[in-house]
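For the sequence shown, the UniProt record's numbering begins at 1 and goes up steadily by one. For each residue, glycine too, the CB sits at the ideal point set by N, CA and C. Report on the following structure.
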Amino acid sequence: MHISRVDLNLFTVFEAIYTEGSVTRASQKLNLTQPAISHALGRLRQMFDDPLFVRQGHAMVSTPLARSIIDPIRNSLRNLEVTLNGVHAFDPATAEKRFNIAVRDVLEATILPPLMLQVRESAPLAEVAASHVERRELQGELANGTLDVAIDVLLPLSSDIMHTRIYQDSTVVVARQGHPAIDGAIDIGTYLNQDHILASSRRRGPGLQDFELSRFGMERRIRLRCQHYFAACRVVSQTDMILTMPGRYARIANEQFGNQVLPFPLEIPPFDVFLYWHSNVDNDPANRWFREKVIESLRAVD
Numbered sequence: 001m002h003i004s005r006v007d008l009n010l011f012t013v014f015e016a017i018y019t020e021g022s023v024t025r026a027s028q029k030l031n032l033t034q035p036a037i038s039h040a041l042g043r044l045r046q047m048f049d050d051p052l053f054v055r056q057g058h059a060m061v062s063t064p065l066a067r068s069i070i071d072p073i074r075n076s077l078r079n080l081e082v083t084l085n086g087v088h089a090f091d092p093a094t095a096e097k098r099f100n101i102a103v104r105d106v107l108e109a110t111i112l113p114p115l116m117l118q119v120r121e122s123a124p125l126a127e128v129a130a131s132h133v134e135r136r137e138l139q140g141e142l143a144n145g146t147l148d149v150a151i152d153v154l155l156p157l158s159s160d161i162m163h164t165r166i167y168q169d170s171t172v173v174v175a176r177q178g179h180p181a182i183d184g185a186i187d188i189g190t191y192l193n194q195d196h197i198l199a200s201s202r203r204r205g206p207g208l209q210d211f212e213l214s215r216f217g218m219e220r221r222i223r224l225r226c227q228h229y230f231a232a233c234r235v236v237s238q239t240d241m242i243l244t245m246p247g248r249y250a251r252i253a254n255e256q257f258g259n260q261v262l263p264f265p266l267e268i269p270p271f272d273v274f275l276y277w278h279s280n281v282d283n284d285p286a287n288r289w290f291r292e293k294v295i296e297s298l299r300a301v302d
């Protein structure tokens, strides 16, 4: 079928139904009536000779064919949007745009406060939506435009994903004030003799610090494994257990607990944090502006 015979608006409807999982929510997203969305879906079904979506309860579940074509359709819509945006200059002062950023919780508390100061000052109508995205899904979501940027450690992604280092962080040890074995400093022997907390989203497996310790033939004693550093910091404040974590977040999370934040007692390299975006938005004015704001905001972080 030649492209001249296809109504490109149908693909916008297809993407909205796929993303929202509902004709009603798709109509709200596109500001169209439900009959208009249903009519477009009927034309799509005829075009592809496939139901594309099957109702299960209140949800519209995609068929195998729909799942196989969603990525190329999203990429095409994204490229068209970038092309159209390139024609018109991006004006942050009047832009009513939502920027979607993937960031892990340990970085979220560090980055979002200064970023929102930057965004609110120059783009008062813009929105920022931060979410946790599984690393295996980052590349696809950056490609199809459901994510504008992502912030994470160095990841093995394809050459289509561009990146730049935005800051370095150190590893620190957190212990409560008045800890019987730790007062303003900690050596490796004292460190290894303590009971440790490991904060990780994974249910099992060692932390990064355990790999570093193993290089020196050392092993620490993990007594608690929890999901979030904030919870771990609170446990530290009420016990003699200690926690190893990134330095910038440690200073933020422990302000209310008054815990000691001490240098890690071994010489280990700092870890780098990167900003990621897809090559198809490298020259997009809005995306480029947002990337600049992310980088500028980190200059305000101690």
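Where does residue i sit, in a helix, a strand or coil, going by DSSP?
| i | result |
| --- | --- |
| residue 246 | strand |
| residue 55 | strand |
| residue 278 | strand |
| residue 65 | helix |
| residue 175 | strand |
| residue 225 | strand |
| residue 14 | helix |
By alpha-carbon positions, which one of the options ends up nearest to residue i?
| i | options | result |
| --- | --- | --- |
| residue 43 | 162, 168, 233 and 8 | 8 |
| residue 271 | 155, 79 and 191 | 155 |
| residue 166 | 274, 172 and 100 | 274 |
| residue 259 | 233, 268 and 280 | 233 |
| residue 171 | 268, 146, 215 and 189 | 268 |
| residue 149 | 218, 298 and 281 | 281 |
| residue 93 | 118, 109 and 250 | 118 |
| residue 195 | 175, 65, 183 and 201 | 175 |
| residue 238 | 296, 177, 191 and 266 | 177 |
| residue 71 | 132, 142, 217 and 206 | 142 |
| residue 168 | 161, 199, 110 and 211 | 110 |
| residue 222 | 231, 206, 212 and 235 | 206 |
| residue 135 | 164, 112 and 103 | 103 |
| residue 224 | 199, 214 and 47 | 199 |
Is it the case that the CB of residue i approaches a heavy atom of the ligand ADP more closely than 8 Å?
| i | result |
| --- | --- |
| residue 259 | The ligand content of the structure shown is nil, which means the ligand ADP is not present either. |
Taking all protein chains shown into account, do 16 or more other C-beta atoms lie within 10 angstroms of the C-beta of residue i, making it buried, or fewer, making it exposed?
| i | result |
| --- | --- |
| residue 68 | exposed |
| residue 246 | buried |
| residue 65 | exposed |
| residue 91 | exposed |
Answer yes or no: do residue i and residue j have a C-beta to C-beta separation smaller than 9 Å?
| i | j | result |
| --- | --- | --- |
| residue 329 | residue 18 | No statement about residue 329 is possible, as the shown extent of the chain runs from 1 to 302 and does not include it. |
| residue 105 | residue 229 | yes |
| residue 128 | residue 138 | no |
| residue 52 | residue 14 | yes |
| residue 125 | residue 96 | yes |
| residue 186 | residue 265 | yes |
| residue 242 | residue 191 | yes |
Where do the N-terminal and C-terminal ends of the beta strand (DSSP E) with residue i fall, by residue?
| i | result |
| --- | --- |
| residue 239 | Note, residue 239: premise wrong, no beta strand (DSSP E); not H, not E. |
| residue 162 | 161-169 |
| residue 100 | 98-103 |
Could you please give the first and the last residue of the uninterrupted alpha helix (DSSP H) stretch that includes residue i?
| i | result |
| --- | --- |
| residue 151 | Looking at the DSSP string, residue 151 is not in any alpha helix (DSSP H); the run it does join, the beta strand (DSSP E), is 149-152. |
| residue 157 | Unbroken run through residue 157: none, as it is neither H nor E. |
| residue 260 | Run containing residue 260: none in the alpha helix (DSSP H); it sits in the beta strand (DSSP E), 260-263. |
| residue 128 | Looking at the DSSP string, residue 128 is not in any alpha helix (DSSP H); the run it does join, the beta strand (DSSP E), is 127-131. |
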